[in-house]
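To start, the structure under review is shown below, and the notes come after it.
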Amino acid sequence: CILHCFLFLLVFGRAIHAIARISDEFWFDPIEKGLALRSVNSSRSAYAYVFFSSMFFQHYCWTAVSQKEKQLSLPCKLIIKSVLPVFRCVNVLERNVEKCSIYTNINDHHITFQLLCKHGVVKTYNLTFQECDPLQAVFAKHMCPNILKVHSRLLADIMIHFPTSQEEVTLAVTPMKVCFKSYSEEDTDFSKTMLTEIQLHPDEFDYFQVGVDSEVTFCLKELRGLLAFSEAASVPVSIHFDVSGKPIAFSVEDMVLEASFILATLCDVEKETGSQQPPCLSQQQESNTEAVASKKPLWNGSAPSAGAVKPASPLAQQEMKNIPGVTKREVTGGAALEGAAESCQKVRGLPVSLGNTQFLTSKYGIFQFHSLFFGAVSCKEKDAVSHTFQSLATASDTEEEFGHVQSSQV
Amino acid sequence: MRFRAKIVDLACLNHFSRVVNTIAKLAKTCTLRLTDSKLYFILADKVANGGVSMWCELCQGNFFDEFQMEGVAAEHNEIYLELVPENLSRALRTAQSAKAVKMKLTNKHCPCLRVAVELPSLSSSSRIVTHDIPVGVIPRRLWNDFREPSVPDFDVSIYLPVLKTMKSVVERMKNLSNSVAIEANLSGEMNLKIETDLVSVTTHFKDLGNPPWASEDGCQSSAQGRDLESMAEARIDIRKLQQLLAGQQVNPTKALCNIVSKRIVHFILLHEDVSLQYFIPALA
């Protein structure tokens, strides 16, 4: 297909920078309606999706190429590091650059970014892309019991109180108040760590709905990119979340663009079960959500050590353990899989089903992360079977696709 | 042991923040001493600090609207805490528009200085930002380590040049050498000298003036009877000097230094309600 468009550089550049915080590569997916950018981090605990409708561009031209396999779009992967220089110093760009064009040509596997600058200077960046399977995540935003909506300025004003080195942050809500606080692992030396907490009244939010008291802990670093992006686009931010363990989604939307950053949240799980337990187990606790929400993480001095070196953050734990590829999937055994399937079905419309690789990490400690599931929808039959999900909905609307989520577990 | 304090006035808050910022630039860890009338930020001269020491004194009444403390015992009504001033600086940094800032000593998981900033918000109730800064309580038997340093028996005392100028000179010299020699005489002349294999640079300041020191017991100090032109010199670590100068956010009312030849340089920076003394030992 051919994509050819001019853009509002600041917003587009900020989107690229935001995605860069998630991963080193991203999916560049032009479709008829507009351009979608997607990214997932290596531990599958953060997913970013930015969609620019064709109206965002001064000129948008997309032509489908007919192929033997009926593919509606051509997703391809780009390395972020190659794209970032194009949009470096976004603030300066707008002053110097008059137009930016993006051309794709699938035949020679190149995407071209061309910046037409002042004084007749033309900068052309030819980037190679890899063809790949599409990436999409399933997340039922409208099924979340807790929804907050606030202007991006307010969110930035809140996050500024945390040091830039702060990795994880906990959002705790009750119908009466909202609190953001810095999070430390159970083995942190409190005599050396400064903790920050911000309390707000529900009135400060443009929209405030708390269906269930909860405390969710997520990675702040990954979010900061979205905050900068939404400030540039000057749109309010919606936060959809549930209890701990279930993902939290930060999304923005206006007439010409939408973006969602879906982050995994820390899951408090009792470690008594000892043997491998499917992380989905914690989802069974959803029935007594009060208990889950009010349960504080257990600050045992001795976190169970799996003999491995403790990584910097619980999220990073995931990163180290989640590498096993396709082959190891079967190792975990059917039993664990079934358990997961059952518990997932108990949970209403939960998109957070786990890639099987998750099971290998469940013993790691008191805390685990639910990672988001990303099925690579592929035309190859073999792959489709080994992935637990067959069909995925787009990140923002997930109505009809639910049925598939549960039934495709085998 | 209890401590509670509150700042409501924005000007006082900014002033206090600036003091804390200066301290944070000079020391990674320091001692905060609280008495019922004053606060002190102290850095004792230990090998770990490179021999520098610092004594900063503030009158609490000039900053706090409320200030209550109870020391370890009635006859020792003081509190000594070890803390990282950068943490305090950070907590105050985002309090620029605060309605009030409260500080108190707590002990939940460990002793902390809790700084609660009340910020204006769009809703009826304020936004509250709380920072728990971990502190170490220094036991009374160690309090002797933190006594006020006495003014050394100096050879020359001289007012410093305009700090901004001195700072930019020292910053450029820092690129060329690790140490700088400060020399001054009783005629108001001061030189900053660096010398390397390739280059030597000297910056001359004159007409600085020498502060009058009344000798306490009437006997001759080293400074008296001294030849007015003769220079007293000490070679010190240039980074320490640069840190001191870079940390000054406001021009002091008075700035002077006392030089003990080849031993130590004692800097005194006075503002209206804050005094800062900084000692940099001479390099061997």
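First to last, the protein sequences are chains A and B. The numbering of the first sequence is the numbering used here, which starts it at 1 and goes up by one. The numbering of the second sequence is the numbering used here, which starts it at 1001 and goes up by one. Using N, Cα and C, we set each Cβ at its ideal position, and we do this for glycine too.
Sheet register partners of residue i (DSSP bridge)
i: Ser1053(B); result: Phe1279(B)
i: Ala20(A); result: DSSP lists no partner for Ala20(A).
i: Gly34(A); result: Ser53(A)
i: Thr1203(B); result: Leu1192(B)
i: Ala233(A); result: The partner list for Ala233(A) (beta bridge, DSSP) is empty, contrary to what the question assumes.
i: Glu197(A); result: Lys181(A) and Thr1130(B)
i: Val1274(B); result: Leu1058(B)
i: Asn1258(B); result: Ser1157(B) and His1266(B)
i: His1076(B); result: Ala1073(B)
i: His240(A); result: Ile147(A) and Ala249(A)
i: Ile262(A); result: Tyr47(A) and Ala249(A)
i: Lys1038(B); result: Cys1059(B)
i: Asn1107(B); result: Pro1111(B)
i: Ser1123(B); result: Looking at the DSSP assignment, Ser1123(B) forms no beta bridge with any residue, so it has no partner.
i: Gln209(A); result: Ile147(A)
i: Arg1147(B); result: Beta-bridge pairing links Arg1147(B) to no other residue.
Residue i burial status per 10 Å Cβ neighbour count (16 or more: buried)
i: Lys246(A); result: buried
i: Met255(A); result: exposed
i: Gly34(A); result: buried
i: Gly1225(B); result: exposed
i: Gln1248(B); result: buried
i: Lys1108(B); result: exposed
i: Thr196(A); result: buried
i: Asp1132(B); result: buried
i: Glu1148(B); result: exposed
i: Lys192(A); result: exposed
i: Leu421(A); result: As displayed, chain A neither begins before 1 nor continues past 410, which places residue 421(A) out of reach and without an answer.
i: Cys61(A); result: exposed
i: Asn1062(B); result: exposed
i: Lys118(A); result: exposed
i: Met55(A); result: exposed
i: Ser1123(B); result: exposed
i: Arg38(A); result: buried
Other residues of its chain near residue i: CB distance less than 7 Å, five sequence neighbours each side excluded
i: Arg14(A); result: Val90, Ala228, Phe229 and Ala232
i: Tyr1080(B); result: Thr1031, Arg1033, Ile1138, Trp1143 and Phe1146
i: Ala1098(B); result: Leu1013, Val1117, Glu1118 and Leu1119
i: Ser1261(B); result: Asp1155, Ala1232, Glu1233 and Ala1234
i: Ala1091(B); result: Val1115, His1131 and Ile1133
i: Thr174(A); result: Val210 and Asp213
i: Tyr162(A); result: Just to set this straight, residue 162(A) is Phe in the shown sequence, not Tyr. Counting only Cβ-Cβ distances below 7 Å, and skipping sequence neighbours, we find Val169, Ser182, Thr196 and Leu220.
Rounded separation between residue i and residue j - CA only
i: Cys1012(B); j: Ala1005(B); result: 13 Å
i: Thr1035(B); j: Ala1246(B); result: 29 Å
i: Val122(A); j: His151(A); result: 37 Å
i: Ala336(A); j: Ser42(A); result: Low confidence applies here, because Ala336(A) scores a pLDDT of 29, under 50, leaving its location unreliable; read the following figure in that light. The alpha-carbon atoms of Ala336(A) and Ser42(A) are separated by roughly 23 Å.
i: Val1180(B); j: Val169(A); result: 46 Å
i: Phe1041(B); j: Ser45(A); result: 44 Å
i: Met176(A); j: Leu1105(B); result: 28 Å
i: Gly1209(B); j: Glu1078(B); result: 39 Å
i: Gln1096(B); j: Leu1043(B); result: 27 Å
i: Leu1283(B); j: Tyr49(A); result: 59 Å
i: Met1190(B); j: Ala1048(B); result: 30 Å
i: Pro1281(B); j: Asn1185(B); result: 19 Å
i: Ile1158(B); j: Lys1206(B); result: 11 Å
i: Val178(A); j: Glu1086(B); result: 28 Å
i: Gln1060(B); j: Arg1114(B); result: 18 Å
i: Phe8(A); j: Ala36(A); result: 15 Å
i: Ile1128(B); j: Gly1188(B); result: 52 Å
i: Gly1051(B); j: Ser184(A); result: 35 Å
i: His1166(B); j: Arg1018(B); result: Checking the sequence shown, residue 1166(B) turns out to be Met, not His. Distance between the alpha carbons of Met1166(B) and Arg1018(B) is about 20 Å.
i: Thr265(A); j: Ile248(A); result: 7 Å
6 Å CB neighbourhood of residue i in its chain, flanking five on each side removed
i: Arg1002(B); result: Glu1070
i: Gln1068(B); result: Arg1004
i: Tyr47(A); result: Val40, Ala137, Ile262 and Leu372
i: Leu116(A); result: Glu98, Lys99 and Val122
i: Ser287(A); result: With a pLDDT of only 33 at Ser287(A), under 50, the local geometry of the prediction cannot be trusted, and the value read off the model is given with reservation. Here the set comprises nothing.
Same chain only: Cβ atoms within 8 Å of residue i, ignoring 5 sequence neighbours per side
i: Val1199(B); result: Leu1176
i: Leu1088(B); result: Val1020, Ala1024, Leu1113, Val1115 and Ile1133
i: Val237(A); result: Lys149, Val150, His151, Ser152, Leu155, Leu226, Leu227, Ser230, Phe250, Ser251 and Val252
Any 3 or more C-beta pairs closer than 8 Å across the segment 17-27 of chain A and the segment 200-218 of chain A: Using a Cβ-Cβ distance cut-off of 8 Å, the segment 17-27 of chain A and the segment 200-218 of chain A are not in contact, since fewer than three pairs of beta carbons, one from each stretch, lie closer than that value.
The segment 1047-1062 of chain B contacting the segment 1019-1032 of chain B, beta-carbon criterion three pairs below 8 Å: Yes, they touch.
The segment 209-220 of chain A / the segment 158-172 of chain A touching (three or more Cβ pairs under 8 Å): In the pairwise beta carbon analysis, the segment 209-220 of chain A is classified as touching the segment 158-172 of chain A: at least three pairs are separated by under 8 Å.
Segment contact, 8 Å Cβ cut-off, at least three pairs: the segment 1262-1282 of chain B with the segment 1194-1210 of chain B: Flag = no, the segment 1262-1282 of chain B and the segment 1194-1210 of chain B do not touch.
Given 8 Å, three or more beta-carbon pairs between the segment 123-131 of chain A and the segment 182-189 of chain A: No, they do not touch.
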